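J.:
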Amino acid sequence: MKHADRNDEHVENAVWPLGKSAYPVAAPKGKLVDLNGKTIGELWNRVFRGEEIFPIVRAELKARFPGIRIVDYSHFGPTHGAGQDKALAEMPKLFAQHGVDAVISGIGA
Amino acid sequence: MRASVAAERAGLPAVSIIATGFLTQGVVVAKGLGMPDLAVAEYPGVPMTDAPQALAHKVSATLISQIIDGLTKTAAPAASDESVEPAARDTVFSGTLDEINEHFHTRQWTDGMAIIPPTVARIEKFLRYTDRDPDEVLGTCPPDNRLATVWSVAANGVMAGCKPEYMPILLAAVECIVDPEFRLQDAGSTPGWEPLIIVNGPIVKELDFNFGSGVMRAGRRANTSIGRFLKLFMQNLAGFRLLPGGGDKGSIGQTFNVVLAENEDACAELGWSTFGVDRGFSENENVVTVQSVVHISPPTYSAGAKAMDHMRVIHEVIGQNTMAYWSCIGLLFGKWHPLLLLGPSVAKVFAQDGWSKTQIRNYLHENVRLSAERLDAYARHCGMTGLSIKGQVEQGLLPPEYAQSDDPGRLLRCNIKPEWIGIVVAGDPGRNQSKCYVSNHVQGPPTSRRVVLPTRWKSMRAG
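For the record, the sequence lines run as chains A and B.
The numbering of the first sequence is the numbering used here, which starts it at 1 and goes up by one.
The numbering of the second sequence is the numbering used here, which starts it at 110 and goes up by one.
Quick look at the structure:
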């Protein structure tokens with residue numbers, strides 16, 4: 001430890017108390033050009049009134065994009081709590097099974 | 110955000126609906142998972158307090174367009190910090206004690222109290238108390254997802270005011286919290302739970318932990334600095350800093366817990382197993398257990414020479430008045446672990462009256478109950494709008510007895526399994542007081558590790 005004096009006080013060299021990040025930074029996937037004709041999967045953590053919010057979102061999207069198909073959250077597991085890990089692990093298989101093109105996830109509150 | 114990241118990793122664009130108050134936490138989670146530019150659609154305000162009409166209006170008027178944009182438009186990348194992060198041994202700041210504290214406070218690398226500067230020399234003193242490589246990775250610390258290393262444990266131990274010989278305890282505690290079953294990523298959830306470290310074994314006396322009067326007060330160095338350490342470590346490695354900018358969403362929160370050390374002499378006198386043995390370890394093995402604590406009972410006084418004299422009060426004050434309310438969340442997630450801290454004199458009455466720890470657990474399991482109607486109501490107020498007792502039974506998370514009837518007045522057991530009730534004997538031996546520490550459902554379940562001492566422990570301690 002190298003010390004120097006500054007007004008009779010020791011000067012010390014402190015190191016960083018954090019650590020390396022476990023994940024490299026990645027950009028999100030490319031977006032969809034148009035939602036018409038696409039299949040959207042809903043993921044819900046089973047909290048914060050998703051049972052009211054998702055149906056409104058569903059209706060609005062169908063009104064604006066008549067060709068849209070929505071696979072509602074009941075087809076996927078809860079994304080929070082006891083079932084979270086299982087749900088996340090099974091997701092790629094379920095996305096493929098339902099032909100999902102994009103995902104809406106909620107409700108973070 | 111975690112589900113959106115899972116979708117993105119599966120090759121699909123995703124957008125996350127997040128309420129205003131959680132946007133910062135969402136940013137921390139996304140950044141920690143390596144996707145800082147994930148699309149977000151903001152629900153303005155607090156969904157749990159909006160009238161149905163207001164909720165519908167917000168979704169139609171503001172949320173839907175953000176969802177569409179999130180799936181179809183590429184947002185400008187968030188301003189990224191291009192600077193290379195320091196290596197473990199790099200000096201990040203040189204200065205006096207005051208200057209270093211100011212530098213660290215400004216960057217939220219402290220808990221708001223003064224720290225001991227983490228210098229290489231101080232850290233190396235800690236490293237002498239482990240045989241492990243300083244660069245060994247103990248695990249990942251979500252949501253910030255920084256790697257917990259032996260070195261980072263020592264650095265934060267220095268900062269918290271620990272003694273170097275506490276290092277084996279610090280390592281064991283961190284091993285507990287980086288266990289994926291512990292769900293460290295949820296330690297910033299709104300209930301504002303804190304980790305509680307419980308220490309068992311000869312190390313309790315060797316390192317001078319307090320297990321008597323004021324056991325849960327700050328004051329004794331081992332209890333206090335190690336308790337502070339874990340909170341500081343979670344702040345620095347997992348990112349649980351206060352707003353603005355932090356991942357801690359504890360709505361009101363509480364301060365860190367000092368270490369709870371068990372009075373193992375009292376256990377031996379009663380013929381009771383220690384908490385460490387209850388956790389599956391051998392007698393005389395040094396054990397660290399960490400579990401979440403979301404709230405604590407009143408100091409509960411019970412008097413009398415018979416076990417039931419005490420159990421009646423414990424059932425009422427600790428059971429019905431403390432365990433029952435938050436058990437609604439534990440039941441809906443299928444797991445929770447209350448910890449009963451019995452004063453030695455209270456434990457002695459139970460033992461002398463022939464009660465084992467198992468009987469105490471069984472009594473509370475059988476008799477602490479709440480109506481299904483109240484459990485559902487408490488859970489809904491908390492925001493669990495898509496979960497139900499019946500649904501959890503169907504998923505196998507709760508035993509069938511919870512759905513045997515649709516009568517809202519039926520009384521449900523608040524404790525799912527008697528063995529999930531922990532019992533520790535500690536506190537003032539000259540008084541008749543007990544307390545209960547309630548855990549936060551699946552978040553922070555009791556997680557234990559054996560304390561591994563360095564090969565030269567005895568000579569170092571003697572020297």
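Each residue gets a CB set at the ideal place from its N, CA and C atoms; glycine is no exception.
Nothing here was measured: the structure is a model prediction, and the numbers come from that model.
Mapping DSSP to helix, strand and coil, what is C523 (chain B)?
T.: Residue state, collapsed to three classes: coil.
J.: So that I know if they touch, is there some Cβ in chain A lying closer than 9 Å to that of R111 (chain B)?
T.: Yes, R111 (chain B) lies at the interface with chain A (some Cβ there is under 9 Å from its Cβ).
J.: What do you reckon, are the CB atoms on M110 (chain B) and G135 (chain B) nearer than 9 Å?
T.: Yes, these two residues count as a Cβ contact at 9 Å.
J.: For W566 (chain B) and Y238 (chain B), I'd like the C-alpha separation in whole angstroms.
T.: Answer to the nearest angstrom: the Cα atoms are 7 Å apart.
J.: Using the beta-carbon of each residue, which ones in chain A are nearer than 7 Å to E117 (chain B)?
T.: Per Cβ cutoff of 7 Å: P28 and K29.
J.: Measuring only the C-alpha atoms, how far is W529 (chain B) from S322 (chain B)?
T.: Using only the alpha carbons, I get a separation of about 26 Å.
J.: Just the C-alpha distance for E373 (chain B) and R519 (chain B), rounded to the nearest angstrom, thanks.
T.: The straight-line gap from Cα to Cα measures roughly 40 Å.
J.: Any idea if N36 (chain A) is buried or exposed, counting beta-carbon neighbours within 10 angstroms, 16 or more meaning buried?
T.: So N36 (chain A) ends up on the exposed side.
J.: For Q84 (chain A), which option in A:A27, A:L43, A:A26 and A:V100 has the closest C-alpha, if you only look at C-alpha atoms?
T.: Closest option to Q84 (chain A), Cα to Cα, is A:L43.
J.: Please tell me whether V287 (chain B) and T249 (chain B) are closer than 9 Å, where the distance is taken between their beta carbons.
T.: The answer is yes: Cβ separation under 9 Å.
J.: Would you tell me roughly how many angstroms separate the C-alpha atoms of A223 (chain B) and I126 (chain B), rounded to the nearest one?
T.: Those two C-alpha atoms are separated by around 39 Å.
J.: Is there a C-beta anywhere in chain B that falls below 9 Å from the one on V71 (chain A)?
T.: Not an interface residue.
J.: I want to verify the contact list: residues of chain B whose CB lies under 7 Å from the CB of G81 (chain A), in sequence order.
T.: Within chain B, the residues near G81 (chain A) are F442 and V551.
J.: Using the three-state DSSP reduction, which class does P509 (chain B) fall into: helix, strand or coil?
T.: In the structure shown, P509 (chain B) sits in a helix (DSSP, three-state: H, G or I).
J.: If you compare alpha carbons, which of B:G221, B:D418 and B:A264 is closest to N541 (chain B)?
T.: For N541 (chain B), the nearest C-alpha among the options comes from B:D418.
J.: To the nearest angstrom, report how far apart G355 (chain B) and S411 (chain B) are at their CA atoms.
T.: Between G355 (chain B) and S411 (chain B), the C-alpha separation is close to 42 Å.
J.: Just reading off the alpha helix (DSSP H) that K234 (chain B) is part of, what are its end residues?
T.: Run containing K234 (chain B): V229 to L236, per the alpha helix (DSSP H) assignment.
J.: For a quick check, are the C-beta atoms of E303 (chain B) and N366 (chain B) less than 9 Å apart?
T.: Taking 9 Å as the Cβ cut-off, E303 (chain B) and N366 (chain B) qualify as a contacting pair.
J.: Using the C-alpha atoms, what's the distance from D537 (chain B) back to A327 (chain B)?
T.: About 15 Å.
J.: Does the distance from the CB of P453 (chain B) to the CB of A375 (chain B) come in under 9 Å?
T.: Their beta carbons are under 9 Å apart, which means P453 (chain B) touches A375 (chain B) by this criterion.
J.: When DSSP builds the beta bridges, which residues end up paired with R255 (chain B)?
T.: Answer by DSSP bridge pairing, in chain order: A:S21 and B:C250.
J.: With a CB to CB cut of under 6 Å and the five nearest residues on each side skipped, what residues in its chain are close to S113 (chain B)?
T.: A123, S125 and L147, listed in sequence order.
J.: Quick one: does P66 (chain A) have its CB under 9 Å from some CB of chain B?
T.: Not an interface residue.
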